[in-house]
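What follows is a single structure, written as structure tokens, with notes after it.
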Amino acid sequence: TSHDYSCTSRYFSSAFAFSSAVYVSASAALVVLPRLAPGFAGFTPEMAFFSALFVLASLTVVTEALLSALIRTEPIFYARLLGNTVKVVLGVALALAGIGWRGVVAAYLASSWLVLLFELLYTYRFINLGEAGLRYVSELLKAGLASWLPGAVVLLGQALGALTVFAVSGEA
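Position in the sequence shown (from 1) plus 4 gives the number in the working numbering.
Structural data, given as structure tokens:
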């Protein structure tokens, strides 16, 4: 069956552009704040940099929302299966190599970025990045308010939580 995804492409492009701007801004803040205010949340600049990379990889929220809405959940499954496999194998290997928390972070980052890449490549098979517009962003924000607001809070907690534990425990 042939589908016209031109309208879907406009909404996806708008959501992806908006989310990218938000995540890049948040990532930049995470990198800059510990340099401007040493001791910010107990983060070292290195930990803040890793946190910023986690935030950027969270763009999977947009690809997974699209794929779920189109009832194309198989790619999400395969992306997560691949990402989690890499995370376990790489994480164990780096832990055995004695790399410590940096190895754990590297495994999680590799997994997150692999999932994002896989989902983007699959999505671009039928969605064109094209005309993005604030009108579409506004409509999407209103329609998804009940979902994205709690999700934003959870994202912040996930990205900062693990590194805060390391900072407080003195493992950094």
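No residue lacks a Cβ here, since even glycine has one placed at the ideal position from N, Cα and C. For clarity, every value in this text was computed on a predicted model and none was experimentally measured.
**Asked** If we count Cβ pairs, one from each stretch, closer than 8 Å, do we get three or more for the stretch 23-39 versus the stretch 62-80?
**Response** yes
**Prompt:** Who are the near neighbours of ILE80 in its chain, counting only those whose CB is closer than 8 Å to its CB and skipping five residues on each side?
**Reply:** GLU68, LEU71, SER72 and GLU123
**Prompt:** Do you know whose CA, among ALA110, SER17, MET51 and ILE103, lies nearest LEU144's CA?
**Reply:** SER17
**Residue from HIS7, SER10, ASN88 and TYR9 with nearest C-alpha to ALA114** = ASN88
**Item:** the stretch 89-106 touching the stretch 142-161, judged by at least three CB pairs closer than 8 Å
**Value:** no
**Request:** Can you tell me which of the three DSSP states LEU133 falls into?
**Result:** coil
**Message:** Suppose you measure from the CA of LEU74 to the CA of ASN132; what does that come to, to the nearest Å?
**Reply:** 15 Å
**Request:** Report whether the distance from the Cβ of VAL35 to the nearest heavy atom of the ligand COA is below 7 Å.
**Result:** Looking at this structure, you won't find the ligand COA or any other ligand, since it has none at all.
**Asked** Under the three-state reduction of DSSP, which class applies to PHE4: helix, strand or coil?
**Response** Residue 4 cannot be examined here, being either before or after the span of the chain that is shown, 5 to 176.
**Request:** Please report the residue range of the alpha helix (DSSP H) in which TYR82 lies.
**Result:** 78-100
**Item:** Contact under 8 Å by Cβ, PHE58 with SER116
**Value:** yes
**Request:** Check GLY148 in the structure and name its three-state DSSP category.
**Result:** coil
**Under 8 Å between C-beta atoms of LEU86 and LEU118** = yes
**Asked** Expressed to the nearest angstrom, what Euclidean distance is found between the alpha-carbon atoms of PHE53 and LEU34?
**Response** 7 Å
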